[in-house]
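Protein chains in written order, with my numbering: chain R, 1 to 220; chain S, 1 to 220.
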């Protein structure tokens with residue numbers, strides 16, 4: 001009986017996720033679900049990314065248990081931003097994203113960034129209706145994390161190694177990341193980033209523009 | 001009905017947690033539940049802590065979704081070590097810890113470290129039968145995390161700020177941590193640590209010895 005409840009909850013989520021995906025597709029919005037551990041630099045990355053993407057117009061849905069600090073950080077960037085507080089919930093859900101979409105003017109949006117709750121386990125299993133999945137791994141978290149959290153990294157379309165300016169100081173071994181990724185995900189683009197020094201930002205912005213452009217073309 | 005299921009699962013967990021706590025108490029074992037985000041340095045801290053605690057004898061239960069890498073890192077320290085793989089589970093549960101206790105010779109243990117799954121949300125709500133709760137926050141995660149994850153920090157007995165050698169480089173504001181803690185937890189000891197430089201290790205070891213000693217006295 002317990003399992004049945006979980007299944008029906010997941011089925012309900014997935015139906016709403018499909019509706020979200022279709023709704024954004026119809027509005028020409030590419031939705032990117034951004035996942036990582038707490039403090040990997042999701043908000044900092046978006047602070048640098050959104051202004052640099054212009055003239056593409058960005059919006060953000062930010063998930064957090066409590067506080068609206070991330071939304072406040074992003075609110076000054078002239079992007080539409082909505083904070084979703086999950087209380088004790090360790091991930092965003094498709095119905096929460098649906099409510100977030102209601103708060104946005106999708107006709108004025110090209111890219112929607114969904115900044116998930118900082119967590120390497122829960123968000124991985126929950127479809128929000130996104131079109132692309134991006135996973136951040138920051139260097140201080142350690143080079144063993146791909147092997148430890150395969151459910152997060154396996155379905156990622158892009159994997160961003162952030163705070164790379166600390167790699168030498170902390171003895172971070174990127175070959176270990178590549179070896180572990182080789183076993184579970186060989187299709188994702190992998191970009192080394194440091195928003196502090198600017199390393200890799202060109203590649204990341206190029207990937208976003210390319211995915212938006214491909215998506216727009218496919219939509220006809 | 002959904003809520004009923006969750007409640008009965010939590011009640012079953014809590015009954016096993018109480019049994020774990022009594023069992024360890026009877027064996028003179030102080031159990032310490034260690035929680036943090038992934039990559040905050042739980043295993044590194046234990047690598048430095050366990051040898052330094054001698055003649056106190058340590059054992060470790062290590063929770064991870066997959067891999068036995070952490071147990072392998074700790075296995076060479078002459079401490080009894082058991083890895084518990086949680087699959088897709090984002091926290092350890094009391095029944096998993098009960099099974100882990102079966103694998104240990106508790107008569108040869110003074111302190112049991114339970115290294116929880118790296119996660120700032122799920123483990124906070126789940127009693128394992130521990131006697132003390134320790135939460136790590138590493139400097140690269142950012143100084144906004146106490147406000148964002150109050151359910152983790154509120155019940156902590158000790159809060160360890162790790163990787164403090166990076167604080168100046170990363171502009172980490174410890175006053176922000178203290179201000180946010182003042183609102184939710186004023187009783188926890190707060191220690192600044194860097195296992196790399198040795199900063200704070202004396203205080204941390206002293207706290208562990210003191211808690212073990214108090215606990216032994218209280219047990220009569």
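Each residue gets a CB set at the ideal place from its N, CA and C atoms; glycine is no exception. Just so we're clear, the structure is a prediction, and the values are computed from it rather than from any experiment.
Close beta carbons around residue 104 of chain R, own chain, < 7 Å, minus the five adjacent residues each side: Counting from 1 along the first chain, the entry for residue 104 of chain R is found at position 104. The residues are 59, 80 and 82.
Cut-off 6 Å between Cβ atoms - residues of its own chain near residue 27 of chain S, not counting five sequence neighbours on either side: Here residue 27 of chain S is taken as the residue at index 27 of the second chain, counted from 1. In chain order, 106 place their CB closer than 6 Å to the CB of residue 27 of chain S, counting only its own chain and leaving out the 5 sequence neighbours on each side.
Closer than 8 Å, CB to CB, is residue 80 of chain R near chain S or not? Sequence index remark: in the first chain, residue 80 of chain R carries index 80 (1-based). It does not; no Cβ of chain S falls within 8 Å.
If you draw a straight line from the alpha carbon of residue 100 of chain S to that of residue 215 of chain R, how long is it in whole angstroms? Taking the second chain and counting its residues from 1, one reaches residue 100 of chain S at position 100. Taking the first chain and counting its residues from 1, one reaches residue 215 of chain R at position 215. Residue 100 of chain S and residue 215 of chain R: Cα-Cα distance of roughly 49 Å.
Please check the pair residue 115 of chain S and residue 46 of chain S, which I expect to be a contact at CB under 8 Å, by giving their CB distance rounded to whole angstroms. As a first step, residue 115 of chain S must be located in the second chain, where it is residue number 115. As a first step, residue 46 of chain S must be located in the second chain, where it is residue number 46. So it is a contact: roughly 7 Å between Cβ atoms.
Three-pair Cβ contact test at 8 Å for the stretch 177-193 of chain R versus the stretch 23-38 of chain R: no
Collapsed DSSP secondary structure at residue 64 of chain R in the structure displayed: Here residue 64 of chain R refers to the residue found at position 64 of the first chain. It is a strand residue.
Work out the CA separation of residue 149 of chain R and residue 196 of chain R for me, nearest whole Å. By one-based count along the first chain, residue 196 of chain R stands at place 196. By one-based count along the first chain, residue 149 of chain R stands at place 149. So the two alpha carbons sit approximately 26 Å from each other.
Considering only residues of the same chain and omitting the five flanking positions on each side of residue 1 of chain R, which have a CB-CB separation below 6 Å? In the first chain, counting from the first residue as 1, residue 1 of chain R sits at position 1. Its pLDDT being 34, under 50, residue 1 of chain R is placed unreliably in this model, and the value from its coordinates should be taken loosely. So no residue of the chain qualifies.
In chain order, what residues of the same chain lie with their CB nearer than 8 Å to the CB of residue 39 of chain R, ignoring the 5 residues before and after it? The count along the first chain starts at 1 and reaches residue 39 of chain R at position 39. Excluding sequence neighbours, residue 39 of chain R sits near 118 and 138.
Does the distance from the CB of residue 124 of chain R to the CB of residue 157 of chain R come in under 8 Å? As a position in the first chain, residue 124 of chain R is number 124, starting the count at 1. As a position in the first chain, residue 157 of chain R is number 157, starting the count at 1. Result no, Cβ atoms of residue 124 of chain R and residue 157 of chain R do not sit closer than 8 Å.
Around the Cβ of residue 140 of chain R, are there at least 16 other Cβ atoms within 10 angstroms (buried) or fewer (exposed)? Here the question's residue 140 of chain R lines up with position 140 in the first chain. With 16 or more Cβ atoms within 10 Å of its Cβ, residue 140 of chain R is classed as buried.
Under three-state DSSP, which class holds residue 192 of chain R? As a first step, residue 192 of chain R is located in the first chain; it is residue number 192 there, counting from the start. Residue 192 of chain R: strand per DSSP, three-state reduction.
Does the Cβ-Cβ distance between residue 112 of chain S and residue 24 of chain S come in under 8 Å? To locate residue 112 of chain S, count along the second chain from 1; it is residue 112. To locate residue 24 of chain S, count along the second chain from 1; it is residue 24. Taking 8 Å as the Cβ cut-off, residue 112 of chain S and residue 24 of chain S qualify as a contacting pair.
Less than 8 Å between CB atoms is the rule here; does residue 119 of chain S satisfy it with respect to chain R? On the second chain, position 119 is the one that residue 119 of chain S refers to. Yes, because at least one Cβ of chain R sits closer than 8 Å to the Cβ of residue 119 of chain S.
Using a C-beta to C-beta distance shorter than 7 Å, which residues of chain R count as neighbours of residue 49 of chain S? If you number the second chain from 1, residue 49 of chain S lands on position 49. Neighbours of residue 49 of chain S on chain R: none; closest Cβ ~18 Å, over 7 Å.
Which same chain residues, not among the five before or five after residue 51 of chain S, have their C-beta less than 7 Å away from its C-beta? Residue numbering aside, residue 51 of chain S sits at position 51 when the second chain is read from its first letter. Excluding sequence neighbours, residue 51 of chain S sits near 77.
Name the chain R residues whose beta carbon is nearer than 7 Å to that of residue 39 of chain S? What you label residue 39 of chain S is simply residue 39 of the second chain in a count that begins at 1. Correct list: 37, 140, 141, 142 and 145.
Which residues of chain S have a Cβ atom closer than 9 Å to the Cβ of residue 88 of chain R, listed in chain order? Residue numbering aside, residue 88 of chain R sits at position 88 when the first chain is read from its first letter. Those are 121, 124, 125 and 151, listed as they occur along chain S.
May I have the straight-line CA-CA distance separating residue 10 of chain S from residue 93 of chain S, to the nearest angstrom? Translated into positions along the second chain, residue 10 of chain S becomes position 10. Translated into positions along the second chain, residue 93 of chain S becomes position 93. So the alpha carbons of these two residues sit roughly 10 Å apart.
Residue from R/14, R/102 and R/63 with nearest C-alpha to residue 90 of chain R: Here the question's residue 90 of chain R lines up with position 90 in the first chain. It is R/63 whose Cα lies nearest to the Cα of residue 90 of chain R.
Going by the DSSP bridge assignment, what does residue 108 of chain S pair with across the sheet? Taking the first residue of the second chain as position 1, residue 108 of chain S is located at position 108. In the DSSP output, where bridge partners are listed per residue, residue 108 of chain S has none listed.
Best match in S/172, S/121, S/155 and S/74 for proximity to residue 143 of chain S [C-alpha to C-alpha]: In the second chain, residue 143 of chain S corresponds to position 143, counting from 1. Per the Cα distances, S/172.
DSSP puts residue 35 of chain R in a beta bridge; with which residues? Residue 35 of chain R sits at position 35 when you count from the first residue of the first chain. Residue 35 of chain R pairs with R/135.
Excluding the 5 residues preceding and the 5 following residue 17 of chain R in the sequence, name in chain order all residues of the same chain whose CB lies nearer than 7 Å to its CB. Start at 1 with the first residue of the first chain, and residue 17 of chain R comes out as number 17. Result list for residue 17 of chain R: 94, 127, 128 and 129, in chain order.
Can the beta-carbon of residue 161 of chain R be found closer than 8 Å to that of residue 36 of chain R? Counted from its first residue, the first chain places residue 161 of chain R at position 161. Counted from its first residue, the first chain places residue 36 of chain R at position 36. Against a cut-off of 8 Å, the Cβ pair of residue 36 of chain R and residue 161 of chain R comes out as no contact.
DSSP state of residue 58 of chain S mapped onto helix, strand, coil: Counting from one through the second chain, the residue named residue 58 of chain S turns up at place 58. The answer is strand: DSSP assigns residue 58 of chain S an E or B state.
Comparing the C-beta of residue 65 of chain S with each C-beta of chain R, is any distance below 8 Å? Within the second chain, the letter at position 65 stands for residue 65 of chain S. Chain R contact via Cβ: present.
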